[in-house]
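To keep things clear, I will list the structure first and then write my remarks on it.
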Amino acid sequence: MSGAVLRILIADDDEGDRKQIKRAIHQAGLQCECTETSSTEQALEICEQSEFDCVIFDYRLPGQDGLAGITALHERFPHLPIIMSTGHGDELIAADAMKRGASDYIPKANVNALSMHRIIGNVIEKASLHRKVRQQQEELEIFARVLVHDLRAPAAAVQTFATRIAERLASGEPEKALEYANWVIQTAERMNLLIETLHRYTTADAKITFEPVDMNRAFEAALNNLQDLIQAAGARVTAANLPNVLGNAPQLIQLLQNLIGNGMKFCDDPAPRIQVAASENEGGGWLFSVSDNGIGIPDAHCKRIFEPFVRLTGRSKRKGSGLGLATCKKIVDRHLGSIWCESKQGSGTTFFFTLSAANLQPEGNDRPTLPANVSASLCQPAEAKCSEPFMHLEFPASL
Ligand code: ADP
């Protein structure tokens, strides 16, 4: 375990015990930011306000029986690892606590550098594995949803159109057959687009290498991929001098492409303007922004839009899958950064993302280990929410 700072909440009413735990954590060489509390109620409140990588929870906290405290904590924060600290002879209770959601327990008499290192490492590792399993389940749900809801209807429509084409040709009505053939082409194009978007979303998890990337070149590549759309929209897309970063070039191009593409798509201004900029981040790394003069996003939806399939606008006006920003989030997560947006409805949106300067392995071929595993965000996974089906088919009136 190295690199990231772990955020640990110590809930214990005995100041001496809290000190002992902190000392052991410090001696274990773990980089930790410890927050202390002496009651279950306060622990719940603190967890509501901030995210932690794990909680060390005294079984004998005043005010509430320990097991009820564990239950309450686990129910409210099901993905937060809880280590229960117990007194001598409490081992049976500890077993009960684990049934109620504690990840592990440690007798107070055994609190030392070695045991703290082992136990904190274990529970965080376990939480990280659970997170991976949840992500995979979420991805399976997305696949199933796309197959069942979004591809089934257009596949059936293609079959119907093809039958009609055959019928019209047989009855000597080639113009009508041509009309149906155009519908087949359009529907197949949309199905391809969906499969392509889904592919990009799922492959954002594939093994990648990190290397120095000139973001000016990534920006140019994104513009190149979008050139037809930029021309059609009459958009002006500019970038100030962008930095070199450590990252994966194809993913960073995809990230810029999705954000710039959205800037044009969600814009009613006859002259869409999109500006990409970057500045050094206070905590190291870079802060990028992609600003547009588009329709804006209501505050209440600024978080939701990064979840798969969440779309705020009607489908017929602006086509899309609802997977674009979810893909951006995956990419930024893999680069150990954050992504968010600020917007004023009606007068444009700015998407921000950070790219970390540290912890990426230049020659590595996989997700960096600890920082991602211990990220506090593992306690709050985004859940897949389905808003509306991707495909919007406007069938010919005569069908
Ligand atoms: P899609 O573009 O396929 O609809 P995204 O995941 O890229 O899906 O975006 C999700 C939703 O967020 C969009 O449907 C839209 O409602 C909103 N959105 C994204 N980018 C912008 C933007 N630049 N301006 C306004 N709304 C946006």
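In my numbering, the protein residues as written are -10 to 388. We treat Cβ as the ideally placed atom computed from N, Cα and C, and that holds for glycine.
- Counting the other CB atoms within 10 Å of its CB gives Pro287 a total below 16, which places it among the exposed residues.
- The secondary-structure analysis by DSSP pairs Tyr94 across a beta bridge with Met73.
- In the DSSP assignment, Phe341 forms a beta bridge with Ser278 and Trp329.
- Taken from the Cβ of Val265, every heavy atom of the ligand ADP lies 7 angstroms or farther away.
- Ala145 carries a helical assignment under DSSP once its states are collapsed to helix, strand and coil.
- In this structure, Gly273 is the residue among Ala155, Gly273 and Val226 with its C-alpha nearest to the C-alpha of Gly326.
- Residue state for Phe208 is assigned as helix, using DSSP reduced to three classes.
- Taking C-beta atoms as the reference points, Gln243 and Thr316 count as a pair closer than 8 angstroms.
- When Cβ pairs closer than 8 angstroms are counted between the two stretches, the segment 99 to 117 is seen not to touch the segment 264 to 271, the count staying below three.
- In chain order, Ile219, Val226 and Ile249 place their CB closer than 8 angstroms to the CB of Leu212, counting only its own chain and leaving out the 5 sequence neighbours on each side.
- When DSSP states are grouped into helix, strand and coil, Asp6 belongs to the helix group.
- Within the model, the alpha-carbon separation for Lys308 versus Met253 is close to 12 angstroms.
- Partner residues in the beta bridge of Gly236, as assigned by DSSP, are Glu200.
- Taken from the Cβ of Phe255, at least one heavy atom of the ligand ADP lies inside 7 angstroms.
- For the 8 angstroms CB-CB criterion, Gly285 and Ser345 do not form a contact.
- Comparing C-alpha distances from Cys23 to each of Glu30, Leu33, Thr29 and Arg12 shows the shortest one belongs to Arg12.
- When DSSP reads this structure, Ile263 sits in a beta bridge with Val226 and Asp281.
- In this structure, the alpha-carbon of Ala222 lies about 10 angstroms from that of Gln216.
- Relative to the ligand ADP, the beta carbon of Ser280 is positioned no closer than 7 angstroms to any heavy atom.
- Secondary structure note for Thr26: its beta strand (DSSP E) is the uninterrupted segment Cys21 to Thr26.
- Boundaries cannot be given for Ile286, as no beta strand (DSSP E) includes it and DSSP labels it neither H nor E.
- Scanning Gly161, Asn205 and Asp85 for the CA closest to the CA of Val234 turns up Asn205.
- In the structure shown, Ser336 adopts coil according to DSSP, grouped into three states.
- In the three-state reduction of the DSSP assignment, Ser310 falls in the coil class, being assigned neither a helical nor a strand state.
- Distances taken from the Cβ of Ser336 to the heavy atoms of the ligand ADP include none shorter than 7 angstroms.
- In the DSSP assignment, Ile174 falls outside any beta strand (DSSP E) and lies within the alpha helix (DSSP H) extending over Pro163 to Thr192.
- At a Cβ-Cβ threshold of 8 angstroms, Asp93 and Asp47 do not count as neighbours.
- When distances are taken from the beta-carbon of Leu314 to the heavy atoms of the ligand ADP, the shortest one is below 7 angstroms.
- If you look at Phe298, you'll find it isn't in any beta strand (DSSP E); DSSP assigns it neither H nor E.
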